[in-house]
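Following: one structure in structure tokens, then a few remarks.
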Amino acid sequence: MSLKTESRVNTSALQKIAADMSNIIENLDTRELHFEGEEVEYDVSPSDPKIQEVYIPFSAVYNTQGFKEPNIQTYLSGCPIKAQVLEVERFTSTTRVPSINLYTIELTHGEFKWQVKRKFKHFQEFHRELLKYKAFIRIPIPTRRHTFRRQNVREEPREMPSLPRSSENMIREEQFLGRRKQLEDYLTKILKMPMYRNYHATTEFLDISQLSFIRDLGPKGIEGMIMKRSGGHRIPGLNCCGQGRACYRWSKRWLIVKDSFLLYMKPDSGAIAFVLLVDKEFKIKVGKKETETKYGIRIDNLSRTLILKCNSYRHARWWGGAIEEFIQKHGTNFLKDHRFGSYAAIQENALAKWYVNAKGYFEDVANAMEEANEEIFITDWWLSPEIFLKRPVVEGNRWRLDCILKRKAQQGVRIFIMLYKEVELALGINSEYTKRTLMRLHPNIKVMRHPDHVSSTVYLWAHHEKLVIIDQSVAFVGGIDLAYGRWDDNEHRLTDVGSVKRVTSGPSLGSLPPAATESMESLSLKDKNEPDQNLPIRNSVDDVDSKPKGIGKPRKFSKFSLYRQLHRHHLHNADSISSIDSTSSCFNHYRSHHNLIHGLKPHFKLFRPSSESEQGLTRPNADTGSIRSLQTGVGELHGETRFWHGKDYCNFVFKDWVQLDKPFADFIDRYSMPRMPWHDIASAVHGKAARDVARHFIQRWNFTKIMKSKYRSLSYPFLLPKSQTTAHELRYQVPGSVHANVQLLRSAADWSAGIKYHEESIHAAYVHVIENSRHYIYIENQFFISCADDKVVFNKIGDAIAQRILKAHRENQKYRVYVVIPLLPGFEGDISTGGGNALQAIMHFNYRTMCRGENSILGQLKAELGNQWINYISFCGLRTHAELEGNLVTELIYVHSKLLIADDNTVIIDLKLYKSRNQKDGSANINDRSMLGKRDSEMAVIVQDTETVPSLMGGEKYQAGRFAQGLRLQCFRVVLGYLDDPSEDIQDPVSDKFFKEVWVSTAARNATIYDKVFRCLPNDEVHNLIQLRDFINKPVLAKEDPIRAEEELKKIRGFLVQFPFYFLSEESLLPSVGTKEAIVPMEVWT
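First residue of the sequence shown: 1, per the UniProt record's numbering; consecutive thereafter.
Here it is in structure tokens:
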């Protein structure tokens, strides 16, 4: 045999020996320690304030490893473990069975303190494991795990402390004190030696794991190895596998019980394999009768029945009793029935903030995301990755949503996003594109879509929660999706054309590189002619462009290619330039130049002009976000930026979104079609309330992970709720928040959250607040479908409003109801021809609730009050106008809010929307889909003030809530046009002066002017389709006499207009037989 052959044989033999030795070690290391479960007790106490602040970050839950890995982090760094044997219990017997001594051991590690009980035989088994480990650690076995251990213990002393050898039966009672001391010293010495302390047999002996000492998970709970049975999940739809007894399988898992949940882990990989939340249905049962398993334990909650198996009945009794005792002590709030049947308790003295429109909301969401350290949770009906959260765009891509998420993911923040999976034939929101775009940004971003329509048989209902949760400490709750069309401010602009022009005079601020300082004659984003300076200049608050325009007169600028100049001077590759409208080629070339102007913003310095330029392109209001001056070396560029880029500029009644994979390409002509302004409400909550919001998200995420096989991989982890014990430690606080009592509400059911019983706490809260209101209620909502007939409509909100007004009338009390809803539903359709079938169906149910039929609110009121109902309730919409390319235009403002304010001390802000086959997004609306719990999923927050301010109510002094009154006053200022005029007194919402002379009068005057100038639809003059055709063919003042129309529009104040009750009142608005909408079940529309 050659030397070469002999060498190969020797190498092969060595490899075989190494493999055999490795297997031996694996078998020895995995020797199971079967402890009697009833012999473990836990007593967790609060920490000593003097203990140094050492903690394991919460993010460690995403980095768990197999229990036998040598480098896992189980203990607090640099923090010792103290062991003390407190007492000995001796169990004697009259039989020949030896007496048993049970030692109670108290362990302290940092702020964590717990107790375990062990027999002496457990110490002996533990000692044997350590001796074997000591012996085999000396053998140089070529495995990664073994090599790592040898390297880490090379400098450590390997002498083990001795364990008493005398039998327990030989010890007299007076010797127990010495035995206790011996065992205590033994443990103390072992725990001081890293070589043995970090060994997996030690952590099992102490009943600890990688999740034991994570402070945000709450107190040290009960832990141990146990057998669990598969199945038991409540998964609706076509999921029969796992429900039969033959499908069960048993697996060994490490069970961990915390204050608000329990979980089990796979010992070999350390992966969290399931999380079971504690809720009001949490129950524990022991015995074969209850579990169909010998020595079994049954744990129930709203989502699952979990079966565990122990090695004796006594063992099972202990586990069941210990879990129940621990949860009763630390998680009692989760076991209770809460107000309105909600899953969440009332959180007292929580910080909360409101938002009117998305501008401030988006900015605070962006700032909060920037402060995230561990987790970001997002769930939306629709999410557009390319939207800008801060506008105008003056920092390139920095505040674009996808860029924020990528930046935070690169910093180690885990980002979890849940999207509604639409029926593609009915909706064009393209959630698949959103998921694909976000997932490819970074591995730390995980996106789920739900439901799978075929397997779950869910076709009619949708997820409508709009939540952003930061580190489970700050939560944004409301009706605003992070999507196209949602961003708006208090001006509710109709146009967003943008223009830039050079002016040779004025201060010089900021500059381009010297190479770019060529002489420029004029710069414009479009070819227009110079305006006639003698024509009147519009300065209305609603003129969002505020440019001097001659009506119908074109402006004339000389053409100029900024792109060519930038290309010539090598500026076109700047990040800020390429970041915005990269697909501008889809526009006409003379319109596309504006995209590059915004890219130059980081190179320029914004400033506030002291006076208007000679061309009048600057506005007196400094807070408009316009580009005031851009120095080029030959003068200044003046003009206005664009706020809505590409698909963000929309009018969904005119045309629904298309080609969402081209985010920066316009899909409607912004030079001829005004956008649809968006009015919305949202909120932010902190601390325990934010924990409750996160708990709902976690429940939905974990349910979706179980339900959809594609998400069962380890790359989609189970999420864990943080403990309420650390909720007060806020790392970030949204500016402007106030203290109040906050409770989370929701509509949830088996299909949406995997729970046994549906929850309709939002519906219950609405009815309760309305019935118990004393002075007024103010409602903004996207839909107004109520007044139950128990056949088609079932929610009681409209009936509660009518009955509360009747009660006020009978008791001769002043009581007001303000209702603000969209003038038209948010569905694509041409209202000049009557609108589409979907639009008309929603109009039917809205009118049925308000004024048509004996079951309507006005029908119930007129039966007793006659025409006196007008003193109690007002229905309004919102409308605005502007000038677009020299033409006067008007459009309704789409009210997407889900808001109820009562008595200036209680607020409900909802998050979900009604949907149908063409549905637009929203939050908790006043309709059955949102309120009944079994249909659409949604969330809401009810805020009750604890801080008050002096006010007036009905002419008398009144202590109003700071949160509720502040929100109500802001809503009134926006819709009435009083943001810049404090002269009008809107403090008292009940007085006759305000209700009649301000609210009703403003709405009526505005509606009359709009009808005179634009002949708007919907309109009370149009009762049928024949009248509609005649109505739209009549001349419009805005076109016939624009000068006079301009003068009339100057009388408009705010956005409030009366709602037209009689529009198409002689027509049946339900879908006609034979149309596809008529095939849809009626529940879809209600």
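Glycine residues also receive a C-beta, built at the ideal position from the N, C-alpha and C atoms.
- The Cβ-Cβ distance between Val-820 and Glu-883 does not fall below 9 Å.
- Counting along the chain, Val-365 sits inside the alpha helix (DSSP H) bounded by residues 358-370.
- A residue is called buried once 16 or more other Cβ atoms fall within 10 Å of its Cβ, and Glu-759 is buried on that count.
- Counting C-beta atoms within 10 angstroms of its own C-beta, Arg-165 has fewer than 16 neighbours from the protein chains shown and is therefore classed as exposed.
- In this structure, the straight-line span from the alpha carbon of Ile-299 to that of Ile-698 is close to 20 Å.
- Of all alpha-carbon atoms in Ile-942, Gln-987, Asp-981, the one lying nearest the alpha-carbon of Gly-954 is that of Gln-987.
- Nearest to Trp-381 by alpha-carbon distance, out of Pro-674, Asn-430, Trp-354, is Asn-430.
- In this structure, Phe-1063 is the residue among Ile-404, Phe-1063, Leu-389, Phe-1055 with its C-alpha nearest to the C-alpha of Val-1022.
- Thr-890 has His-881 as its beta-bridge partners, per DSSP.
- In the same chain as Asn-357, and ignoring 5 residues on each side of it, the C-beta atoms closer than 7 Å to its own belong to Asp-488, Asp-489, Asn-490, His-679, Asp-680, in chain order.
- For Glu-386, no alpha helix (DSSP H) segment is defined, and its DSSP state is neither H nor E.
- One thing to note: Leu-745 has its Cβ within 9 Å of the Cβ of Ala-940.
- Contact between Gln-472 and Lys-814 does not hold, since their C-beta atoms are separated by about 44 Å, which reaches or exceeds 8 Å.
- If you compare the alpha carbons of Ser-1001, Ala-1007, Leu-969 with that of Pro-989, the shortest gap goes to Leu-969.
- Here the stretch 370-384 makes no contact with the stretch 329-343; the two share fewer than three CB pairs at distances below 8 Å.
- As DSSP reads the structure, Ile-470 sits in a beta bridge with Ile-376, Val-474.
- Around Ser-752, the same chain offers Ser-937 as residues with beta carbons nearer than 6 Å, after the five sequence neighbours per side are excluded.
- In the DSSP assignment, Trp-250 falls within the unbroken beta strand (DSSP E) covering 250-257.
- Annotation: Ile-797 to Phe-326 spans about 41 Å, alpha carbon to alpha carbon.
- When the five nearest sequence neighbours on each side are left out, the beta carbons in the same chain lying within less than 7 Å of the beta carbon of Glu-184 are those of Ala-83, Gln-84, Val-85, in order along the chain.
- With a 10 Å radius around the Cβ and a threshold of 16 neighbouring Cβ atoms, Cys-247 comes out exposed.
- Annotated three-state conformation of Phe-784 is strand, per DSSP.
- In this structure, the CA atom of Gln-743 is about 41 Å from the CA atom of Arg-249.
- In its chain, beyond the 5 residues on either side, Glu-375, Ile-376, Phe-377, Ile-378, Ala-475, Phe-476, Ala-690, Val-693, Ala-694, Phe-697 have a beta carbon closer than 8 Å to the beta carbon of Ile-469.
- Within a 10 Å sphere around the beta-carbon of Gly-829 sit 16 or more other beta-carbons, which makes this residue buried.
- Ala-808 and Asp-904 have their C-alpha atoms roughly 18 Å apart.
- Between Phe-213 and Tyr-55, the CB-CB gap stays under 9 Å.
- In the structure shown, the three-state DSSP call for Ser-1001 is helix.
- Considering only Arg-407, His-450, Phe-416, Pro-443, the residue with the shortest C-alpha distance to Val-423 is His-450.
- Going by DSSP, His-686 is part of the beta strand (DSSP E) stretching over 681-686.
- Nearest to Ile-445 by C-alpha distance, out of Asn-846, Lys-309, Leu-405, is Leu-405.
- The count of Cβ pairs closer than 8 Å, one atom from the stretch 1045-1062 and one from the stretch 1005-1021, reaches three, so the stretches are in contact.
- The shortest CA-to-CA distance from Val-889 to any of Arg-304, Val-998, Leu-1049, Thr-849 is the one to Leu-1049.
- Following the DSSP letters along the chain, one finds Phe-274 inside the beta strand (DSSP E) bounded by residues 272-277.
- Taking C-beta atoms as the reference points, Leu-482 and Ile-387 count as a pair closer than 9 Å.
- Shown here, His-739 sits in a strand according to DSSP, grouped into three states.
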